[in-house]
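Worksheet: one structure, shown below.
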DNA sequence: GCCTGGATTCCG
DNA sequence: GGAATCCAGGCT
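Numbering (the working numbering), first residue to last: 24 to 224.
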């Protein structure tokens, strides 16, 4: 499958992110319903984007076709998962920040440990663990089943009225743009944390 | 090459 | 509030 709105121009990536709420991502026997996402625009458009200063080896897949996964390793221990958006050559992406595990609960728990159901995929790195996402998923297509991840339409659609918006989590730059979207009141949405500069040593 | 700091999480 | 499996990217 392919979805035309994934290919919307990078300037409209916020709308693309909002659209992804309620969609489901499956991997390794676990299925997650997306409850929280963040939009990142491309080169020169968004100082918070990894692609802000142009392509680099790490961000190559962000410049590729929409519908592919961009995964990256951060803080020496965590993986985060993005879905590449925009037209070819544009580097827009949507960071998948949290979800509700709707299938494969035992597998998710085996990966995440003995935590509350709502915490299984509550936060981008936790969600990556729950889905078993690592470097292996980077650059793979999430639309056609050729990779470990598969995106599918909502089982229960999310109405616009159910969606809240606010500043992105942990991002210092562009704190004024409300490019984080979540399903209002959903218990699996991660708590907001303002960016805190790391203390100098 | 070296150095900085990170789209986070967990623990104290 | 700080430390923790690293390492990308900017700068010298």
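Quick reminder that beta carbons are idealized off the backbone N, C-alpha and C, glycines included. As the structure is a computational prediction, the values presented were derived from the model and not from experiment.
Where residue i and residue j are concerned, what is the direct C-alpha to C-alpha distance, given to the nearest angstrom?
{"i": "residue 113", "j": "residue 66", "result": "8 Å"}
{"i": "residue 144", "j": "residue 110", "result": "29 Å"}
{"i": "residue 170", "j": "residue 103", "result": "17 Å"}
{"i": "residue 179", "j": "residue 77", "result": "37 Å"}
{"i": "residue 214", "j": "residue 91", "result": "27 Å"}
{"i": "residue 181", "j": "residue 212", "result": "14 Å"}
{"i": "residue 225", "j": "residue 41", "result": "Any question about residue 225 goes unanswered here, given that the chain covers just 24 to 224."}
{"i": "residue 135", "j": "residue 155", "result": "10 Å"}
{"i": "residue 101", "j": "residue 160", "result": "14 Å"}
{"i": "residue 142", "j": "residue 149", "result": "8 Å"}
{"i": "residue 210", "j": "residue 55", "result": "14 Å"}
{"i": "residue 226", "j": "residue 59", "result": "Since the first residue shown for the chain is 24 and the last is 224, residue 226 is missing from the structure and cannot be characterised."}
{"i": "residue 27", "j": "residue 80", "result": "27 Å"}
{"i": "residue 205", "j": "residue 172", "result": "21 Å"}
Closer than 7 Å by C-beta to residue i: which residues in its own chain qualify, once you throw out the five before and the five after it? Chain order, please.
{"i": "residue 82", "result": "73, 74, 114"}
{"i": "residue 216", "result": "192, 193"}
{"i": "residue 207", "result": "185, 186, 187"}
{"i": "residue 299", "result": "Here the chain has residues from 24 to 224 only, and residue 299 is not among them."}
Can you find the residues in the same chain that come closer than 6 Å, C-beta to C-beta, to residue i, ignoring five residues on each side of it along the sequence?
{"i": "residue 177", "result": "45, 46"}
{"i": "residue 129", "result": "none"}
{"i": "residue 25", "result": "166"}
{"i": "residue 203", "result": "61, 189, 191"}
{"i": "residue 36", "result": "62, 64, 108, 115"}
Following the continuous beta strand (DSSP E) through residue i, name the residue where it begins and the one where it ends.
{"i": "residue 54", "result": "53 to 63"}
{"i": "residue 203", "result": "203 to 206"}
{"i": "residue 82", "result": "That residue, residue 82, is in no beta strand (DSSP E); it is neither H nor E in DSSP."}
{"i": "residue 93", "result": "92 to 97"}
{"i": "residue 226", "result": "Within the shown structure, residues of the chain are numbered from 24 to 224, placing residue 226 beyond reach of any answer."}
{"i": "residue 186", "result": "186 to 189"}
Is residue j closer than 9 Å to residue i when the C-beta atoms are compared?
{"i": "residue 96", "j": "residue 158", "result": "yes"}
{"i": "residue 122", "j": "residue 174", "result": "no"}
{"i": "residue 108", "j": "residue 31", "result": "yes"}
{"i": "residue 93", "j": "residue 162", "result": "yes"}
{"i": "residue 85", "j": "residue 116", "result": "yes"}
{"i": "residue 63", "j": "residue 29", "result": "no"}
{"i": "residue 106", "j": "residue 89", "result": "yes"}
{"i": "residue 189", "j": "residue 127", "result": "no"}
{"i": "residue 152", "j": "residue 48", "result": "no"}
{"i": "residue 120", "j": "residue 38", "result": "no"}
Give the range of the alpha helix (DSSP H) segment to which residue i is assigned.
{"i": "residue 149", "result": "147 to 154"}
{"i": "residue 157", "result": "Segment: none, residue 157 is in no alpha helix (DSSP H) and carries neither H nor E."}
{"i": "residue 36", "result": "36 to 43"}
Under 8 Å Cβ to Cβ from residue i, same chain only, skipping five residues before and after it: list those, please.
{"i": "residue 140", "result": "124, 128"}
{"i": "residue 138", "result": "132"}
{"i": "residue 183", "result": "41"}
Minimum length 4: unbroken alpha helix (DSSP H) runs contained in the region 102 to 139: 128 to 135
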